[in-house]
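Note that our numbering gives residue 216 to position 109 of the sequence shown, counting from 1, and the numbers run on in steps of one. Below is one structure, written out as structure tokens; comments come after it.
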Amino acid sequence: MNIIVLIKQVPNTTRVELDPKTGNLIREGLLSIMNPDDLHAVEAAITLKEACGGKVTVVSMGPQQAIDVISEAIGMGADEGILLTDKAFAGADTWATSFTLGRTIEKIKQYDIVFCGRQAIDGDTAQIGPQVADYLRIPQVTYVSEIEEVHERHVIVKRRLEDGFERIHCRLPALLTVIGELNRPRYPMIDRLIRACRDKAPIQIWNAADIGVKTDQVGLEGSLTHVIKTFAPKFKREGKILEGTTEAVVRELIQKLKESEGATACKAFASTCRI
Ligand SMILES: Cc1cc2nc3c(=O)[nH]c(=O)nc-3n(C[C@H](O)[C@H](O)[C@H](O)COP(=O)(O)OP(=O)(O)OC[C@H]3O[C@@H](n4cnc5c(N)ncnc54)[C@H](O)[C@@H]3O)c2cc1C
Numbered sequence: 108m109n110i111i112v113l114i115k116q117v118p119n120t121t122r123v124e125l126d127p128k129t130g131n132l133i134r135e136g137l138l139s140i141m142n143p144d145d146l147h148a149v150e151a152a153i154t155l156k157e158a159c160g161g162k163v164t165v166v167s168m169g170p171q172q173a174i175d176v177i178s179e180a181i182g183m184g185a186d187e188g189i190l191l192t193d194k195a196f197a198g199a200d201t202w203a204t205s206f207t208l209g210r211t212i213e214k215i216k217q218y219d220i221v222f223c224g225r226q227a228i229d230g231d232t233a234q235i236g237p238q239v240a241d242y243l244r245i246p247q248v249t250y251v252s253e254i255e256e257v258h259e260r261h262v263i264v265k266r267r268l269e270d271g272f273e274r275i276h277c278r279l280p281a282l283l284t285v286i287g288e289l290n291r292p293r294y295p296m297i298d299r300l301i302r303a304c305r306d307k308a309p310i311q312i313w314n315a316a317d318i319g320v321k322t323d324q325v326g327l328e329g330s331l332t333h334v335i336k337t338f339a340p341k342f343k344r345e346g347k348i349l350e351g352t353t354e355a356v357v358r359e360l361i362q363k364l365k366e367s368e369g370a371t372a373c374k375a376f377a378s379t380c381r382i
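Written as structure tokens, this is what we have:
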């Protein structure tokens, strides 16, 4: 079984802070890690390889330093990695990212399952998995929480819903996006990790030309959406706790509602109240 895992390097925080002047993410002082859901995707791929045989290839698009998460995945047991890095890939929206990853998978050719995390903790869109499956014209199952059966031409998986599960029979090749419930990721083995970090093998580095795309098809130029402005919401309203007897509190509340500007509905409501 040939398995591809898409992994993303993300800042080690869910509290993303923005530079108020530039609107860019403040990355200084933030460590980078493998996106948490992607650890579960790597673990699922390795477990499957151990059970069925085959090969696990991890792919990451990012700056040169994203090689660290590829090394980590190889340390865990993946067989090889591909780092997609090129100035032309920078500034990609989710469409351009999915297109780049899709073209890479087409170039790899041989695959039965593509694993993704459900969502990245920085971009947070959860669009890449579904978009890559759509690009490749293969079936997809999102929110996979259990892999029940794996056969040569199909899998049976459980998909987490808000209030239950769906049990799905899915033909292969397919793309599965996984959630943390699926498994417990293993730690990298130190000798494998050292080899991957020191020798950078078996890691290939591919650029736009390697996957046969023009630079205006990827990155900022190839993106269909452009961010006009990024900002953190300002919390203007302050809460106030009214104190006193119930009657006094209600009286004060009604008075405040009547006084509040622009709160037409509240005023209308308040004018009907009599105490
Ligand atoms: C208009 C726009 C402009 C943007 N400009 C920039 C920019 O200038 N610089 C920038 O860094 N980001 C930029 N982004 C964010 C970037 O597009 C997203 O980070 C990227 O497309 C992945 O989306 P996500 O983080 O929401 O991933 P999700 O869809 O939440 O990720 C789901 C899964 O997809 C896989 N995956 C996601 N990204 C990758 C990847 N890069 N490599 C391998 N697997 C992956 C992983 O398995 C992950 O768990 C921009 C986004 C938009 C919408």
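Ideal Cβ positions, reconstructed from N, Cα and C, are used throughout, including at glycine. Quick caveat, the model's predicted, so the values are computed rather than measured.
Apart from the five residues just before and just after Trp278, which ones in its own chain have a Cβ nearer than 8 Å to its Cβ? Counting from one through the sequence shown, the residue named residue 278 turns up at place 171. First, the residue type needs correcting, since residue 278 is Arg and not Trp in the sequence shown. Around Arg278, the same chain offers Pro246, Arg260 and His261 as residues with beta carbons nearer than 8 Å, after the five sequence neighbours per side are excluded.
Taking all protein chains shown into account, decide if Ala355 is buried (16 or more other Cβ within 10 angstroms of its Cβ) or exposed. For the purposes of this step, residue 355 is taken as residue 248 along the sequence shown, with counting starting at 1. Classification of Ala355: exposed, given that the 10 Å Cβ count is below 16.
Would you mind listing the alpha helix (DSSP H) stretches within the stretch 124–202 that are 4+ residues and don't spill past its ends, in chain order? The qualifying runs are 143–159 and 174–183.
Does at least one heavy atom of ligand 1 sit under 7 Å from the Cβ of Gln172? Sequence index remark: in the sequence shown, residue 172 carries index 65 (1-based). Relative to the non-hydrogen atoms of ligand 1, the Cβ of Gln172 never comes closer than 7 Å to any of them.
Am I right that Ser167 and Ile114 are in contact with their C-beta atoms under 8 Å? What's the rounded C-beta distance? For the purposes of this step, residue 167 is taken as the residue at position 60 of the sequence shown. For the purposes of this step, residue 114 is taken as the residue at position 7 of the sequence shown. Under the criterion of beta carbons closer than 8 Å, Ser167 and Ile114 qualify as touching, at roughly 5 Å.
C-alpha gap between Gln116 and Lys347, whole angstroms: Taking the sequence shown and counting its residues from 1, the one referred to as residue 116 is at position 9. Taking the sequence shown and counting its residues from 1, the one referred to as residue 347 is at position 240. Distance between the alpha carbons of Gln116 and Lys347: 43 Å.
So, helix, strand or coil for Phe222, using DSSP? Numbered from its first residue, the sequence shown carries residue 222 at position 115. In the structure shown, Phe222 sits in a strand (DSSP, three-state: E or B).
Less than 8 Å separating the beta-carbons of Thr204 and Gly236? Residue numbering aside, residue 204 sits at position 97 when the sequence shown is read from its first letter. Residue numbering aside, residue 236 sits at position 129 when the sequence shown is read from its first letter. With respect to the 8 Å criterion, Thr204 and Gly236 are not classified as neighbours on the basis of their beta carbons.
Alpha carbon of Gly188 to alpha carbon of Val165, nearest angstrom: Working through the sequence shown from its first residue, we reach residue 188 at position 81. Working through the sequence shown from its first residue, we reach residue 165 at position 58. Rounded to the nearest angstrom, the two C-alpha atoms are 5 Å apart.
For Asp317 and Asn109, the rounded distance between their alpha carbons: Here the question's residue 109 lines up with position 2 in the sequence shown. Here the question's residue 317 lines up with position 210 in the sequence shown. If you take the alpha carbons of Asn109 and Asp317, they lie about 21 Å apart.
Whose C-beta lies closer than 6 Å to the C-beta of Glu255 among residues of the same chain, with five residues either side of it excluded? What you label residue 255 is simply residue 148 of the sequence shown in a count that begins at 1. Excluding residues within five positions, the ones whose Cβ falls inside 6 Å are Ile263.
How long is the line joining the alpha carbons of Leu190 and Asp175, rounded to whole angstroms? Residue numbering aside, residue 190 sits at position 83 when the sequence shown is read from its first letter. Residue numbering aside, residue 175 sits at position 68 when the sequence shown is read from its first letter. The alpha-carbon atoms of Leu190 and Asp175 are separated by roughly 10 Å.
For ligand 2, any of its heavy atoms closer than 7 Å to the Cβ of Ala199? As far as ligands go, the structure on display features ligand 1 and does not contain ligand 2.
Run the proximity test for Ser167: is its beta-carbon closer than 7 Å to any non-hydrogen atom belonging to ligand 1? The sequence position of residue 167 within the sequence shown is 60, counting from 1. Yes, the beta carbon of Ser167 sits closer than 7 Å to at least one heavy atom of ligand 1.
Could you check the C-alpha separation between Leu146 and Asn314 for me, to the nearest Å? Counting from one through the sequence shown, the residue named residue 146 turns up at place 39. Counting from one through the sequence shown, the residue named residue 314 turns up at place 207. When only Cα atoms are considered, Leu146 and Asn314 end up about 25 Å apart.
Counting along the chain, where does the alpha helix (DSSP H) carrying Gly271 start and finish? Taking the sequence shown and counting its residues from 1, one reaches residue 271 at position 164. Run containing Gly271: none in the alpha helix (DSSP H); it sits in the beta strand (DSSP E), Gly271 to Arg278.
Measure the CB-CB distance between Val112 and Ala180 and report whether it falls below 8 Å. Locating residue 112 in the sequence shown gives position 5, counting from the first residue. Locating residue 180 in the sequence shown gives position 73, counting from the first residue. A contact, by the Cβ cut-off of 8 Å.
Under 6 Å Cβ to Cβ from Thr249, same chain only, skipping five residues before and after it: list those, please. In the sequence shown, counting from the first residue as 1, residue 249 sits at position 142. Taken in chain order, the residues that qualify are Thr284.
Relative to the alpha-carbon of Asp241, which residue among Ile220, Gly224 and Gly209 has its alpha-carbon at the smallest distance? Position 134 of the sequence shown, counted from the start, is the residue given in the question as residue 241. Of the listed residues, the one whose Cα sits closest to Asp241 is Gly209.
Identify the residues that DSSP records as bridge partners of Leu283: which are they? Counted from its first residue, the sequence shown places residue 283 at position 176. Bridge partners of Leu283: Phe222 and Val248.
Using only CA atoms, which one of Pro280, Glu288 and Arg244 lies nearest to Lys265? As a working mapping, residue 265 is identified with position 158 in the sequence shown. Answer by Cα proximity: Glu288.
Top-ranked residue by Cα proximity to Trp202, from Arg305, Arg293 and His333: What you label residue 202 is simply residue 95 of the sequence shown in a count that begins at 1. The residue from Arg305, Arg293 and His333 with its alpha-carbon nearest to that of Trp202 is His333.
Thinking just about the alpha-carbon of each residue, which of Lys336, Met183 and Ala197 is nearest to the one in Leu300? Indexing the sequence shown from 1 puts residue 300 at position 193. Answer by Cα proximity: Met183.
Could you tell me which of Ala197, Thr120, Gly224 and Ile286 sits nearest to Glu328, measuring between CA atoms? Residue 328 sits at position 221 when you count from the first residue of the sequence shown. Minimum Cα distance to Glu328 is reached at Ala197.
Given a threshold of 16 other Cβ atoms within 10 Å of its Cβ, counted over all protein chains shown, does Cys159 qualify as buried or as exposed? Here residue 159 is taken as the residue at index 52 of the sequence shown, counted from 1. So Cys159 ends up on the exposed side.
So, helix, strand or coil for Lys214, using DSSP? By one-based count along the sequence shown, residue 214 stands at place 107. Secondary structure at Lys214: helix, using DSSP grouped into helix, strand and coil.
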